[in-house]
Every structure is written in structure tokens, then in C-alpha cells.
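S.K.: Below you'll find the structure I mean.
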Amino acid sequence: MLLRLYAYSPQTASLLPFLLHEAAQGRFEAMLAQAELLATGLSEQIYHGMQLSVTCTEDADELRPDPGQTDSVLGNVLIEFTRAQCAVWPRGRRPADFREPLRGEMPVLLLSGELDPVTPPRYGEEVAAALPNARHLVLPGQGHNVIGLGCMPKLLARFLEKPEPSALDVACLDRLAALPPFAGPYGWEP
Numbered sequence: 085m086l087l088r089l090y091a092y093s094p095q096t097a098s099l100l101p102f103l104l105h106e107a108a109q110g111r112f113e114a115m116l117a118q119a120e121l122l123a124t125g126l127s128e129q130i131y132h133g134m135q136l137s138v139t140c141t142e143d144a145d146e147l148r149p150d151p152g153q154t155d156s157v158l159g160n161v162l163i164e165f166t167r168a169q170c171a172v173w174p175r176g177r178r179p180a181d182f183r184e185p186l187r188g189e190m191p192v193l194l195l196s197g198e199l200d201p202v203t204p205p206r207y208g209e210e211v212a213a214a215l216p217n218a219r220h221l222v223l224p225g226q227g228h229n230v231i232g233l234g235c236m237p238k239l240l241a242r243f244l245e246k247p248e249p250s251a252l253d254v255a256c257l258d259r260l261a262a263l264p265p266f267a268g269p270y271g272w273e274p
């Protein structure tokens with residue numbers, strides 16, 4: 085759980101090398117403390133019933149274990165666990181055209197984090213391809229939730245005031261970058 089969820093954000097992902105190094109040396113305290121912090125705060129942030137209702141309706145029947153992932157860190161555990169939950173969870177019916185691309189002339193601003201492990205930038209590119217008035221911004225070095233990072237709030241406000249995606253000056257996003265990994269308990273040591 086810690087590895088998977090910490091990969092969503094560069095701030096937490098930068099801790100992983102240090103946490104894993106410490107655990108490999110038999111010092112599990114830092115990793116256990118982070119896992120406890122995550123577990124206690126997670127129930128306040130994710131509504132699991134809603135998550136299952138959406139996942140079980142939209143995706144579960146298409147989830148398949150990948151034999152190539154068997155020996156990876158997470159393996160197929162998440163897929164197997166999700167399928168087991170969905171086997172007993174009530175769900176709706178997915179419309180036949182659910183996977184069809186969204187189409188239209190409306191102005192659309194798509195946001196992606198360059199390092200998002202869940203909804204990678206290629207998904208945004210696929211969506212933008214069917215929308216002639218769309219612009220896809222990929223925030224450099226960022227993870228899953230990018231709407232509040234750097235100058236993005238100001239850009240979003242400008243877009244809402246004047247919904248012309250191509251008119252946005254997004255040069256300010258170039259200041260964003262991936263964080264270096266923690267090399268020790270005090271951060272990014274030289």
C-alpha cells in the first residue's frame with residue numbers, strides 16, 4: 085500500500101528510496117511510521133464504497149492478472165483483490181458506448197502529471213485527440229493530483245474566465261520539476 089500510494093506524488097515518492105534502504109538494513113521504523121500515517125489518513129480521504137461502485141461498474145470485468153508482473157513488487161495483488169471485492173459488490177451497468185471518446189467543440193483543458201502512475205499523460209493525449217478545442221498540459225516532474233501545483237491555479241482561473249485553451253501562457257509550468265530522492269533522514273543530501 086505504501087509503495088503504491090506514495091508513487092502518486094513526487095513529494096512522497098522521493099521518500100521511497102530512503103525508506104526502502106532503511107528497511108533493507110533491518111531498520112523498519114521509518115517505513116512503519118509512514119505506513120501508519122498513510123493508513124490512518126487514508127480512510128478520511130477515500131470513500132471506499134464509492135470507489136468500488138465506480139471500479140466494479142466501469143473496469144472490473146476487464147481486469148486481468150499480467151503474468152509479466154508476477155515477480156514485481158506489487159505483482160497482481162491489486163487486480164486480484166479488486167476482482168474479489170467486485171465479485172460481491174453491487175454495481176451498475178456500463179453503457180455500450182462507455183469507451184467511446186468524448187467528442188465536441190467545447191473548450192477543454194486537460195491536466196496530467198508527467199510521472200502519474202495511474203493516469204499517465206498518454207491518456208490525456210488520447211482524450212485531446214478527439215476534441216478539436218482541447219489543450220493538454222503535462223506538468224513536468226509531477227504525479228497524480230496537479231491542479232494545485234505551481235501556477236496551475238492561476239492558469240485554471242484564467243481558463244474559467246476566458247475559456248480559450250490555446251490562449252493560455254503556460255511558460256510558468258516550466259519551473260516545475262521532479263524532486264530528488266531522499267538520500268538520508270534529512271532529505272536531499274549531497
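The numbering of the sequence shown is this note's numbering, which starts it at 85 and goes up by one. By construction, the Cβ of each residue, glycine as well, lies at the ideal position given by its N, Cα and C atoms.
1) Since residue 208 is in the alpha helix (DSSP H), which residue starts that stretch and which ends it?
2) Leaving out five residues before and five after residue 208 in sequence, what residues of the same chain have Cβ atoms less than 8 Å from its Cβ?
3) Identify which residue in 86, 224, 217, 202 has its Cα closest to the Cα of residue 188.
4) Pull up the CB-CB distance for residue 93 and residue 227, whole angstroms please, since I reckon it's below 8 Å.
5) According to DSSP, simplified to helix, strand and coil, what is residue 138?
6) So, at 6 Å on beta carbons, what are the nonlocal neighbours of residue 264 in its own chain, with the 5 sequence-adjacent residues on each side left out?
7) Would the stretch 147 to 158 count as touching the stretch 108 to 125 if we require 3 or more Cβ pairs under 8 Å?
M.R.: A quick look at the data gives this:
1) 205 to 213
2) 194, 195, 196, 220, 222
3) 217
4) 4 Å
5) helix
6) 272
7) no
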